[in-house]
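For what it's worth, the numbering used here labels the leading residue of the sequence shown as 4, then goes sequentially.
Below is one structure, written out as structure tokens, with a few remarks after it.
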Amino acid sequence: MTDLSAPAVRRPGEQALAALGLAAPAPDPADASPHRFPGGGSWRTEIPSCEGPEALAVVLAEAARLEVPVHRVSQGSGVWMLTDAEITEMAGATRERGIELCLFTGPRGTWDTGGAVRSDSRGGGPRARGHDAVAGCVEDAVRATELGVRCLLVADEGVLWALHRARESGVLPADTTLKVSALIGPVNPVSYAVFERLGADSINVPGDLTLAHLTEIRRVSGAPMDMYIEAPDDLGGQVRMYEVAELIRRGAPLYLKFGLSKAPGIYPWGAHLRSVALDTARERVRRGRLVLDLLARHGADGGMAPLGTRLPGPLHRFPTTD
């Protein structure tokens, strides 16, 4: 639970503006999230778009050099774009360091034969089109977990429910976590709660949600939230570094995702995009350092969850039996 007696974190420019008679109103304690990660802590970190072993090695080296703590790395191209050897190497490297590795599952409408997704309305978006696409996602999940991966990224509600049922029935390991992609992230508290009940262990909300939206969500759900502090251009390109302390206060438990705007898209990744993938991986870690430095300046860096933690704690689920 939130300690409402603790001093509020300092906001950007607060002291200087107060000296000029321009102080902002004090934060309302009722806006603060009452939720935390199991074991304590209000925020974890994530480096997204880590597309293979070489990019992962860059992330790990740069994180060590800049002293950026990493709880999770995620990949966007998909399990199907990695060989067994590559997945095994990534799983081993992250496991040694207590970092969660999250790989994207299966076919998506954006790369499918359907034309609607390329229309102005975007059609079904990244969701799995038809039975075979769902089956492909399940195939990816089984293959990845057999190779040691314990976190799967999902961009379809039906796939999420199927993988949650597979986890409950023992088809997937019980400690597998399911992460909802920003590509289908919920934008209101009701849909957020539905994703939690469908099996989501962390839910990526769009980076343009307001602080009030986060408070509304936290009044109905304590499921961990993922949010781009800097979003890729195709997800809006928002840069919200100066809001990060308040995003944590309102949205905890919160994964701080260090994305990158003004960068070329790299999905689905291949060797033809090697230099871009490595350069952007390195810069995402540096962006993380900038965010952590800002938190320290604002006195809000003390709430990080312990490194090596990954599980979400007890969550609300729909029954998996009829």
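Heads up, the beta-carbon is just placed ideally off N, CA and C, and yes, glycines get one too.
- Residue range 87 to 99 is occupied by the alpha helix (DSSP H) that includes Ile90, with no beta strand (DSSP E) assigned at that position.
- Membership of Ser194 in any beta strand (DSSP E) is not indicated; the residue belongs instead to the alpha helix (DSSP H) covering 192 to 201.
- For the pair Ala94 and Leu166, the CB atoms are not nearer than the 8 Å cut-off.
- CA-CA distance, Glu92 to Leu104, rounds to 11 Å.
- Apart from the 5 residues on each side of it in sequence, Glu246 sits with its Cβ closer than 8 Å to the Cβ of Leu214 in its chain, given in chain order.
- Counting only the Cα atoms, Gly16 lies some 40 Å from Ser80.
- Between the segment 175 to 191 and the segment 271 to 280, the count of C-beta pairs closer than 8 Å stays below three; the two stretches do not touch.
- Here the alpha carbon of Arg98 sits roughly 33 Å from the alpha carbon of Thr324.
- Around the CB of Ser172, fewer than 16 other CB atoms lie within 10 Å, so the residue is classed as exposed.
- Among the bridge pairs identified by DSSP, Lys265 is matched with none.
- Bridge partners of Glu219 according to DSSP: none are assigned.
- The Cβ neighbour count for Asp31, taken over all protein chains shown within 10 Å, is under 16; the residue is labelled exposed.
- CA-CA distance, Glu57 to Leu20, rounds to 46 Å.
- Nearest in C-alpha terms to Val73, of all of Met307, Ala203, Glu49, Thr86, is Glu49.
- Within the same chain, no residue comes within 6 Å of Gly43 by CB-CB distance, once the 5 residues on both sides are set aside.
- At the C-beta level, Lys265 and Asp236 come within 8 Å of one another.
- In this structure Val242 touches Glu233 by the C-beta definition: roughly 5 Å separates them, less than 8 Å.
- In the structure shown, Val279 adopts helical secondary structure according to DSSP, grouped into three states.
- Under the DSSP assignment, Thr148 falls in the alpha helix (DSSP H) whose first and last residues are 133 to 149.
- By the neighbour-count definition (other C-beta atoms within 10 Å, threshold 16), Phe198 is a buried residue.
- Annotation for Glu57: no beta strand (DSSP E) segment contains it, though the alpha helix (DSSP H) segment containing it runs 56 to 69.
- If you draw a 10 Å sphere on the C-beta of Asp296, you find fewer than 16 other C-beta atoms in it, and that means exposed.
- Gly311 and Gly101 do touch by the CB rule: their CB atoms are close to 3 Å apart, below 8 Å.
- For the set Gly254, Ala22, Arg221, Leu69, the Cα lying nearest the Cα of Tyr231 is the one of Gly254.
- Around the beta-carbon of Phe40, 16 or more other beta-carbon atoms lie within 10 Å, marking it buried.
- In its chain, beyond the 5 residues on either side, Leu281, Ala284, Arg285 have a beta carbon closer than 6 Å to the beta carbon of Val61.
- By the neighbour-count criterion, in which a residue is buried when 16 or more other Cβ atoms sit within 10 angstroms of its Cβ, Gln78 is buried.
- Of the other Cβ atoms in all chains shown, 16 or more fall within 10 Å of the Cβ of Pro129; this residue is therefore buried.
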